[in-house]
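Engineer:
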Amino acid sequence: MPLTSTEISSPGMTINMGPQHPSTHGVLRLLVELDGEVVHSCRPVIGYLHRGLEKMFEARPYRQCIPFTDRLDYLAALNNNLAISQAVERVGNITVPERAQYIRVMLCEMNRIASHLVFLGTYATDIGATTVFLYAFRDREKMLDLLEMMTGARLTYNWIRPGGVPTDLPEGFEKAVRSVFEELKVTLDENNRLLTGNRIFRVRTEGIGVISKEQAIAWGSTGPVIRGSGVPYDIRKIAPYEVYDRLDFDVPVFDQGDCMARYLVRIEEIRQSMRIVEQCFKDMPDGEIMTKMPKIFRPPAGEAYSRTESPRGELSFFMVSDGSLNPVRVHVRAPSFIHLSMLPDLLKGVKVADVIAILGSLDTVLGEVDR
Amino acid sequence: MPTPEAISKLQQLFSEDQLKVDWAGKELILNVESDSFKNLCTFLRRDTDFDCDFLADITSWDTGVSFPLWYRFHSMSLNHTVIIRTNVSRDNPIIATVTDIWPGADWLERECFDMYGIDFEGHPFQGDLAQMRILMPKDWDGFPFRKDYEPVFSGDPLHGPQERN
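Heads up: the sequence lines are chains A and B, in that order.
According to the numbering used here, the stretch in the first sequence is residues 449 to 819, in order.
According to the numbering used here, the stretch in the second sequence is residues 925 to 1089, in order.
#1: So, does the CB of glutamate 630 of chain A fall closer than 9 Å to a CB anywhere in chain B?
#2: Assign proline 775 of chain A to one of two classes, buried (16 or more other C-beta atoms within 10 Å of its C-beta) or exposed (fewer than that).
#3: Please work out which residues of its chain come closer than 7 Å, Cβ to Cβ, to asparagine 1062 of chain B, disregarding the five sequence neighbours upstream and downstream, and give them in chain order.
#4: Which residues, taken in chain order from the region 1014-1038 of chain B, show a beta carbon closer than 7 Å to some beta carbon of chain A?
#5: Can you list, in chain order, the residues of its chain whose CB lies under 8 Å from that of valine 713 of chain A, leaving out five sequence neighbours each side?
#6: Check whether the Cβ atoms of lysine 962 of chain B and asparagine 955 of chain B lie closer than 9 Å to each other.
#7: Indicate whether at least one CB of chain B lies closer than 9 Å to the CB of methionine 790 of chain A.
#8: Run through DSSP, which three-state label would phenylalanine 1044 of chain B get?
#9: Using CA atoms only, rank isn't needed, just tell me which of B/Asp1024, B/Cys976, B/Glu957, B/Pro1027 is closest to glutamate 951 of chain B.
#10: To the nearest angstrom, how far is it from the Cα of isoleucine 1008 of chain B to the Cα of glutamate 537 of chain A?
#11: What residues in its chain sit with their C-beta under 8 Å from that of aspartate 941 of chain B, if we drop five residues either side in the sequence?
#12: Please report the Cβ distance between phenylalanine 766 of chain A and tyrosine 753 of chain A, rounded to the nearest whole angstrom; I am assuming they are in contact, meaning their Cβ atoms lie under 8 Å.
#13: Quick one, which residues of the region 465-497 of chain A are near chain B if we go by CB-CB under 7 Å, in chain order?
#14: Identify the contact partners of tyrosine 681 of chain A in chain B, using a Cβ-Cβ distance below 9 Å as the criterion.
#15: Kindly list the residues whose CB is nearer than 7 Å to the CB of isoleucine 806 of chain A, restricted to its own chain and excluding five residues on each side of it in sequence; keep chain order.
#16: Whose C-alpha, out of A/Arg547, A/Arg477, A/Met558, is nearest the C-alpha of leucine 632 of chain A?
#17: Taking all protein chains shown into account, do 16 or more other C-beta atoms lie within 10 angstroms of the C-beta of alanine 801 of chain A, making it buried, or fewer, making it exposed?
#18: Under 9 Å between beta-carbons, which chain A residues line up against proline 966 of chain B? List them in chain order, please.
#19: What number of angstroms, rounded off, separates the C-alpha of proline 688 of chain A from the C-alpha of aspartate 1072 of chain B?
#20: Taking its Cβ as the centre, do 16 or more other Cβ atoms sit within 10 Å of aspartate 698 of chain A, making it buried, or is it exposed?
#21: What span of residues does the beta strand (DSSP E) with arginine 755 of chain A cover, start to end?
#22: Between methionine 738 of chain A and the rest of its own chain, which residues show a CB-CB distance below 6 Å, the 5 nearest in sequence each way excluded?
#23: Histidine 820 of chain A by DSSP, collapsed to three states: which one?
#24: Report yes or no: do three or more beta-carbon pairs, one from the region 1011-1023 of chain B and one from the region 484-496 of chain A, lie closer than 8 Å?
#25: Compare the beta carbon distance of valine 539 of chain A and proline 748 of chain A with 9 Å and say whether it is the shorter of the two.
#26: Would DSSP call valine 1022 of chain B helix, strand or coil?
#27: Is isoleucine 1058 of chain B close to chain A? Criterion is C-beta to C-beta, closer than 9 Å.
#28: Please confirm whether arginine 684 of chain A has its beta-carbon closer than 9 Å to some beta-carbon of chain B.
#29: For glutamine 534 of chain A, does the count of other Cβ atoms within 10 angstroms reach 16, so buried, or fall short, so exposed?
#30: Is it a yes or a no for the region 567-587 of chain A touching the region 492-502 of chain A, going by three-plus beta-carbon pairs under 8 Å?
#31: For glycine 671 of chain A and chain B, any beta-carbon pair shorter than 9 Å?
#32: Please report whether the beta-carbon of phenylalanine 516 of chain A lies at a distance below 9 Å from any beta-carbon of chain B.
#33: For aspartate 574 of chain A, report the span of its beta strand (DSSP E) as first-last.
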């Protein structure tokens, strides 16, 4: 008589996922203990990319910290530039000209689109749909071309700085953005048709890795993860910074809390980001783009923090100044770090094949986790 | 923004030398002594006027005299931010854990331990140095973000304990 699956047990098999595993999106190691096909326990091991950036900030004048932040969340470097610039501005009581605020918002939203397109491509590959990967990266390359036109770099921009932005919009920028957006709106629908209506993709994501509303709040998740669990927590709405309070956009929220919901949130966010950029072009006033900053910048002693909505969630920089040239302490509240800490609870009892689907849906960037 | 009634409730529960209430714009900053810290956290989580269900951030820094601790909370239902500041001494850096109230505090507390050596009493891994370490290698020597930390190169860039010859 053949044995049924409940009678066969193979307890205590430990496997290492990573740190060199392509689906872990960076140097993340998961120590997974399996019971047959089912994950018994999981322990994320991080720190392989730890460069001590927070300590390095302490040895530099405020404005020289900006290039390091590019290496935190390298898929959305402008959002990191913005977050640290805001922290420096708050600790030093600097106001930013309105035009610079519009340019910042616009560029950050374009970076968000580029980052979500990477998610779209890599997540599809994780699930097994390789076609979308190529399409999404083709579209992302167009977004990066636009950002290069503006900032001169593809990934590590080092562009937003305390007091404003260094350069105004280049000639023909608006036209270039509009033509890319026209294409993107079409290709996004195409990609969406390839995935959202795809039966295999739906089976792999629907009902998988469910995070309840209470869990999402208790674990401190933010960004698309918490919005995929039915909590409308978006810093751009609840504590608007820059000019977000003047812009009209929706915060996509899905209640299911599974991988599909988190995927849908991001797809919808790409559309909303395009809406924001188009409004910025329309509303942007003329004027200064940079506040006059002293050559030697010494902010008064005190503490300040910024909270911004990066593509991955709530990105917050905490800064302590003692009135000298360098900050005493800079702390990065990285959304991916918090999301990874959910994994041991989230992966308990799931099938080993779903580990990658769940990990991918959190969209972590290890540069930000390890700092 | 917490109501004046809520604030007065706080001031009734905690004496003036234990808790100092401060404002930064619309944000409430509570400076609390470390022995009342856990009670305050429990109160903020349970009380319906505060309802701090979301722990956003924990961090610390080194002033040379003590390690201030900085906690940022958010209330999803009331949409306000509350910041708790407390202090632990450099000689005996120990504070109660909040992982039993907010499970998300787990890794944030481990990071504070890893970098500053602050002990979180009641943390699931408390006392287990190798398990508490999170970003540094588990056999690392010392706490690198302290201002008096002196890195000593062991000769092996990949591996841990720095041998002091």
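All C-beta atoms, glycine included, are put in the ideal place defined by N, C-alpha and C.
Structural biologist: Walking through what the data contain:
#1: no
#2: buried
#3: At residue 1062 of chain B the sequence reads lysine, which differs from the asparagine that was named. Result list for lysine 1062 of chain B: Ala1054, in chain order.
#4: Trp1026, Pro1027, Gly1028, Asp1030, Trp1031
#5: Correct list, in chain order: Pro672, Arg675, Gly676, Pro700, Val701, Phe702.
#6: no
#7: Closer than 9 Å: yes.
#8: Of the three classes helix, strand and coil, the one that applies to phenylalanine 1044 of chain B here is strand, per DSSP.
#9: B/Cys976
#10: 22 Å
#11: Glu957
#12: 4 Å
#13: Ile494, Gly495
#14: Under the 9 Å cutoff, chain B gives Phe978, His998, Met1000.
#15: Ile656, Gly657, Cys707, Leu794, Leu795, Val798
#16: A/Met558
#17: Label assigned to alanine 801 of chain A: exposed.
#18: What sits at residue 966 of chain B in the sequence shown is threonine, not proline. Within chain A, no residue comes near threonine 966 of chain B; the closest Cβ sits about 15 Å away, beyond 9 Å.
#19: 39 Å
#20: Label assigned to aspartate 698 of chain A: exposed.
#21: 750-758
#22: The answer, listed in chain order, is Gly611, Gly612.
#23: Because residue 820 of chain A is not part of the residues shown, which for chain A are 449 to 819, the question remains open.
#24: The region 1011-1023 of chain B vs the region 484-496 of chain A: no contact.
#25: yes
#26: coil
#27: Closer than 9 Å: yes.
#28: no
#29: buried
#30: no
#31: no
#32: no
#33: Careful: aspartate 574 of chain A lies outside any beta strand (DSSP E), inside the alpha helix (DSSP H) at 546-575.
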